Amino acid sequence: MSLAPLHIAGERLMLDPAGALVWPARRLLVVADLHLEKGSHFAARGRFIPPYDSAETLERLRLLLRRHRPERLLFLGDSFHDGQGAARLAPTIAQGFAHMVSGLALTWLLGNHDPAPPRDLPGEAAEALVDGPFTFRHIPGARPAKGAEIAGHLHPKAAMPTRAGFVTRPCFVTDIRRVLLPAFGAYTGGLEVSDPAIAGLFPRGGRALLLGTGRLFSFPLAPGARQASAATPSDGDRAALRLLP
1 MSLAPLHIAG ERLMLDPAGA LVWPARRLLV VADLHLEKGS HFAARGRFIP
51 PYDSAETLER LRLLLRRHRP ERLLFLGDSF HDGQGAARLA PTIAQGFAHM
101 VSGLALTWLL GNHDPAPPRD LPGEAAEALV DGPFTFRHIP GARPAKGAEI
151 AGHLHPKAAM PTRAGFVTRP CFVTDIRRVL LPAFGAYTGG LEVSDPAIAG
201 LFPRGGRALL LGTGRLFSFP LAPGARQASA ATPSDGDRAA LRLLP
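Read in order, the letters of the sequence shown are residues 1 to 245 in the UniProt record's numbering.
So this is what it looks like as structure tokens:
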């Protein structure tokens, strides 16, 4: 596993290819947009999809906790797909989660999907968190906060050219003042970095770091440049996904 260092606001952060941000100096692990219980949310509305998203997402989180051994864990909002999501967690999953985060200082930032803190689960809730030079929030501000901002909400993804065509992956997006995290949940979609909602946050350009297996793939985003669209991967894209490390 190869983490990518990121120096911003005088601090050294690490970006994990699993889609998490690590702040070693604070022993802090940050993930965004888990959207737990999205499957059960759709099932209640007659759209039946496999109900395994929460278990899969939390297993990925467990591996991250084992890898980094943080003392603090921060969720950047939309941790549940709706306000009743925590109540729908299977008891075994809820108990396993509580055991997994035992001993950690856990903070839930509130999102637009989960505007109230989850009941009967450990941790504290907040609208935003300021720590050192960083402001952590769910929805990025129109302008970066003083220092630097770390946010989620937009589920960024980007397309990268390969010999087999364009490959689309979730990604981090960053410049010298802001870091936008990819969605961590198993059933989360993505928004192209060329979309005005994301591109407008980086008017001077920046970098996209696509998630790969064991590493990140970095390329620059030019000011105002539109990236190639790849909302629906072709057969060639899918083959390239299998070939990339």
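Cβ coordinates follow ideal geometry from the N, Cα and C atoms, glycine included. None of the values given here were measured: they were computed from a predicted structure.
Of 210, 129 and 221, the smallest CA-CA separation from residue 4 is found for 210. Counting along the chain, residue 100 sits inside the alpha helix (DSSP H) bounded by residues 91 to 100. Beta-bridge annotation (DSSP): residue 211 is paired with 216. Membership of residue 159 in any alpha helix (DSSP H) is not indicated; the residue belongs instead to the beta strand (DSSP E) covering 156 to 162. About 12 Å separates the beta carbon of residue 30 from that of residue 18, a gap too long to meet the 8 Å contact definition. Taking residue 81 as the centre and dropping the five residues before and after it, the same chain places the C-beta of 35, 36, 37, 38, 41 and 113 closer than 7 Å to its C-beta, in chain order. Under the DSSP assignment, residue 34 falls outside any alpha helix (DSSP H); it carries neither an H nor an E label.
Looking at the backbone, the Cα of residue 91 and that of residue 212 are separated by about 33 Å. Remark: C-beta atoms of residue 153 and residue 53 do not approach each other more closely than 8 Å. Per the coordinates, the alpha-carbon of residue 115 lies some 42 Å from the alpha-carbon of residue 164.
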